[in-house]
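In numbering that gives the first Met the number 0, the protein residues as written are 0 to 178.
For every residue, glycine included, the Cβ atom is placed at its ideal position computed from N, Cα and C.
Every value quoted in this text rests on a predicted model; they were computed, and no experiment measured them.
Structure first, commentary second.
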Amino acid sequence: MKLRLSADKWLALFFLAFALLVILVWAPLDTGTGLVEKVRRKFVIGDALGPTVAGAVIVIGALLVLLRPGTDKMISRENVVWLAALFFLFALSMVLMRYAGPVALAWSESGYRPLRATAPWHYIGFLIGGTVLVGGLTGFAKRQLSIREFAIGFAASLAIALLYDLPFDDLILPPNGDV
Numbered sequence: 000m001k002l003r004l005s006a007d008k009w010l011a012l013f014f015l016a017f018a019l020l021v022i023l024v025w026a027p028l029d030t031g032t033g034l035v036e037k038v039r040r041k042f043v044i045g046d047a048l049g050p051t052v053a054g055a056v057i058v059i060g061a062l063l064v065l066l067r068p069g070t071d072k073m074i075s076r077e078n079v080v081w082l083a084a085l086f087f088l089f090a091l092s093m094v095l096m097r098y099a100g101p102v103a104l105a106w107s108e109s110g111y112r113p114l115r116a117t118a119p120w121h122y123i124g125f126l127i128g129g130t131v132l133v134g135g136l137t138g139f140a141k142r143q144l145s146i147r148e149f150a151i152g153f154a155a156s157l158a159i160a161l162l163y164d165l166p167f168d169d170l171i172l173p174p175n176g177d178v
């Protein structure tokens, strides 16, 4: 008997493999520190914590999709168009997140780098990219874009930024560490 997997199962297997690659290969090899470090008798977040937590969330999602009873539908043209639109939205959000801060301070003599860890400058890229990502995803899911979705995206991005930024003095919001 030939094993046929539905499109959902193939997608789940792809993201399971991707998440395991992130957790087991990319995070340990690309980061200089572990998940958590003890520096001067104080615990600080390591560079590998963010990618590892993201990978773990993806693993959970992939396993839930694999365990869910599925249909035998194969990938259609609409599925491919949907995935392409999502890819475009993710790419746009990442470009905005990376370059919004430096573009906002292009007029400054000192540039973005010296100000990347000071409010409000370190929030610019994260908030603009996050707002476009959440607002765009919500708009795609509802099949209509509106100001309301982008306002919710802004609020969600701001909440995430503050949850990361306020408790930790030495944390720089992404992607500011690389700028």
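Query                                                                                                                                                 : Result
With contact counted as at least three CB pairs below 8 Å, one residue from each stretch, are the region 52 to 64 and the region 22 to 31 in contact? : yes
Are three or more beta carbon pairs between the region 36 to 49 and the region 3 to 17 nearer than 8 Å?                                               : no
Can you grab the Cα-Cα spacing for the pair Ala6 / Pro50, in whole Å?                                                                                 : 26 Å
Less than 8 Å between the C-beta atoms of Ile238 and Gly135, yes or no?                                                                               : Limits of the chain in this structure are 0 at one end and 178 at the other, which puts residue 238 out of reach.
For Leu162, does the count of other Cβ atoms within 10 angstroms reach 16, so buried, or fall short, so exposed?                                      : exposed
Of the residues Leu62, Met73 and Leu88, which one's Cα is nearest the Cα of Ala16?                                                                    : Leu62
Taking only three categories from DSSP, how would you classify Glu108?                                                                                : coil
Does the beta-carbon distance from Ala18 to Thr30 come in below 8 Å?                                                                                  : no
Work out the CA separation of Lys8 and Phe89 for me, nearest whole Å.                                                                                 : 22 Å
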